[in-house]
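**Student:**
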Amino acid sequence: MNKIKTGDSVIVIAGKDKGKQGSITKILGNGRCFVSGVQMVKRHTKPNPQAGIAGGVVEQEASINVSNISIFNPSSKKADKVSIKILEDGSKVRVFRSSGEEIK
């Protein structure tokens, strides 16, 4: 069971965007993920009239290493760690390590 999933609210704990918050939009298989509004880079694109691309300088999100983000706990308003708890029926749920409450 993964500790971080798509749609989780996260906070950046290291790097140039330290302290920024966002939600995970995509997780890549190589230990990297895309976070909305974080790690913005400028890409110079060529115009492609067939695809409807105007071209020029486009600002887009780049991937960030999973080790540089931490899940955001809304009750404490701080970064937190994730633990996995096994319920009585055998199902697994993710919980915040500091408070023990379930992650929605």
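For the sequence shown, my numbering gives the first residue as 196, with consecutive numbering after it. Note that the Cβ used here is the ideal one computed from N, Cα and C, for glycine as well.
#1: If you draw a straight line from the alpha carbon of residue 205 to that of residue 287, how long is it in whole angstroms?
#2: Whose CA, out of 224, 210, 237 and 248, lies closest to the CA of residue 201?
#3: I'd like the span of the beta strand (DSSP E) that includes residue 255, first residue to last.
#4: In or out: residue 253 buried (at least 16 other Cβ within 10 Å) or exposed?
#5: Span of the beta strand (DSSP E) holding residue 266?
**Tutor:** Inspection of the coordinates gives the following:
#1: 21 Å
#2: 224
#3: 251-256
#4: exposed
#5: 264-268
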